[in-house]
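>
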Amino acid sequence: MSRYDFDELVDRRGTGCVKWDERPQVLAEASEQVRADAPAGISINPDIIPLWVADMDFKAAPAIQEAVRKRAEHGVFGYTVVGDDYYEAVISWFQRRHEWTIHREEILYTTGVVPAMSVAIKALTMPGEKVLILSPDYNCFFSSVRNNGCEVLETVLCRKGNTFEVDFEDFEAKCADEKTTVFLLCNPHNPCGRVWTKAELERMNDICMKYGVKVVSDEIHCELVMPGYQFQPFAAVNEACRQNSVILNSPSKSFNIAGLQAANIICAQPEWRRRLDRAININEVCDLNPFGPVALIAAYNESEDWLDALNEYLWGNYQTLCAFATEHLPKWKICHLEGTYLPWVDITATEMTSQAYCDCLLREVKVWVNPGTMYGPVSGEGYIRLNIACPRSRLLEALERIAKVESSSNPPA
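Going left to right, the sequence shown walks through residues 3 to 415 as my numbering numbers them.
#1: Can you give me the Cβ contacts of R403 inside the same chain, cut-off strictly under 6 Å, excluding the 5 residues immediately before and after it?
#2: Can you tell which of V296, G341, E329 and D307 has the C-alpha that lies nearest to the C-alpha of L316?
#3: Less than 9 Å between the beta carbons of T472 and P253, yes or no?
#4: Taking 9 Å as the cut-off, decide whether the C-beta atoms of L159 and P138 are in contact.
#5: May I ask which residues mark the beginning and end of the beta strand (DSSP E) holding A265?
#6: Compute the distance between the beta-carbons of I135 and L186, then report whether it is under 9 Å.
#7: Please check the pair E399 and I51, which I expect to be a contact at CB under 8 Å, by giving their CB distance rounded to whole angstroms.
#8: Relative to the C-alpha of V115, which residue among I66, K61, E221 and R196 is closest?
#9: Using three-state DSSP, classify F442 as helix, strand or coil.
#10: Would D310 be called buried (16 or more neighbouring beta carbons within 10 Å of its own) or exposed?
#11: Nearest by alpha-carbon distance to Y385: which of V347, I93 and L226 is it?
#12: What residue range is occupied by the uninterrupted alpha helix (DSSP H) comprising K176?
#13: Give me the Cβ distance between L250 and V218, rounded to the nearest whole Å; I'm assuming they're in contact under 8 Å.
#14: Does DSSP classify Y81 as helix, strand or coil?
#15: Please state whether the Cβ-Cβ distance between V239 and C177 is less than 9 Å.
#16: Rank W54, D361, G16 and A391 by C-alpha distance to the C-alpha of V227 and give the top, closest one.
#17: Anyone know if the C-beta pair for D179 and K132 falls short of 9 Å?
#18: If we call anything under 9 Å between Cβ atoms a contact, is N207 one with S247?
#19: Three or more C-beta pairs closer than 8 Å, one from the stretch 329-338 and one from the stretch 10-22: is that the case here?
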């Protein structure tokens, strides 16, 4: 039995929490009045169970809590120097956990993986060029590409039973487009839940190098892997991958410390690093707050057993989800989850659009999930994304609510 209590119900309402205190758009008809009438510190969503944004409802590992508490007790929170212990923690973690050797000079820190993504696109592309993604894909991929004046080019993943594969023929055709200069990879993949194999990653890079396409790999979910699967860092596949890639990672998702804002860009190419560093400063995301470095160090140096226990608990939640759906949600087809805590669910049997189905769940039973169309207007239609990183009792309560809608012969459109 784990010594960590992931079953604890932590009340996050009224804490300025995006996941719990943000007002869903479908309920926004009177949102301004609701906000105006809500007393300070009281949630405006008292009955909603949020299974949407990728944010866990678990307290951070004890070592992280203690490190942040100790830093807070100092009482002065000025500009922060990132010291040797920060770099050493990153290097040690990836060496022992993933057999990936990183050199200190390859690491550039920044405030988050999404800002890092924007930095990489700005540094490695020119406006008007194309950035290739595997669709459906994390919604910020689309916005980051467009915000930097580039065009999103999609290779749609192929559904094979309850999982997904890359259509390498289409992938190569898109790389061959003379305007394609960057391939933006999600590894592990959000929202389809794939943990890409070494062979798949090597094939991706071989094609990219053939056409002069650089690889930017978002590896923020790298520690969230289900039993029987192993995360493969893109840059550790072989030397060619190392030289042709920019890696984005952070402990934020795995250790639930996104609000502390610390992430890393790892790149072996000196000239690319120079351009990346320049883009970090252009985008003004070059400074960390006082809590980010101490949290990262405590996560990587002292919290590995907590992470292993977390993954076991998430696997239990996924098994609970699948068992419940088999018995009570016959119209759901849950795709196989290899990594992340974000199952991808086929709801086409409901004969509702993804958005209509999500709106229905919010209105009828107050459960908030993401429509698949957030991750690809075409490739995501007919799917929803769930966040199962919460206490099991809360997950079951949400599923029981959803089952009430599913049991209705004519659920509201």
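Virtual Cβ for every residue (Gly too), placed ideally from N, Cα, C.
Put simply:
#1: V367 and V369
#2: G341
#3: There is simply no residue 472 to check, as the chain begins at 3 and stops at 415 in what is shown.
#4: yes
#5: A265 to C269
#6: yes
#7: 6 Å
#8: E221
#9: What the structure shows of the chain is the stretch from 3 to 415, and residue 442 is not part of that stretch, so it cannot be assessed.
#10: exposed
#11: V347
#12: F170 to A178
#13: 7 Å
#14: coil
#15: no
#16: A391
#17: yes
#18: yes
#19: no
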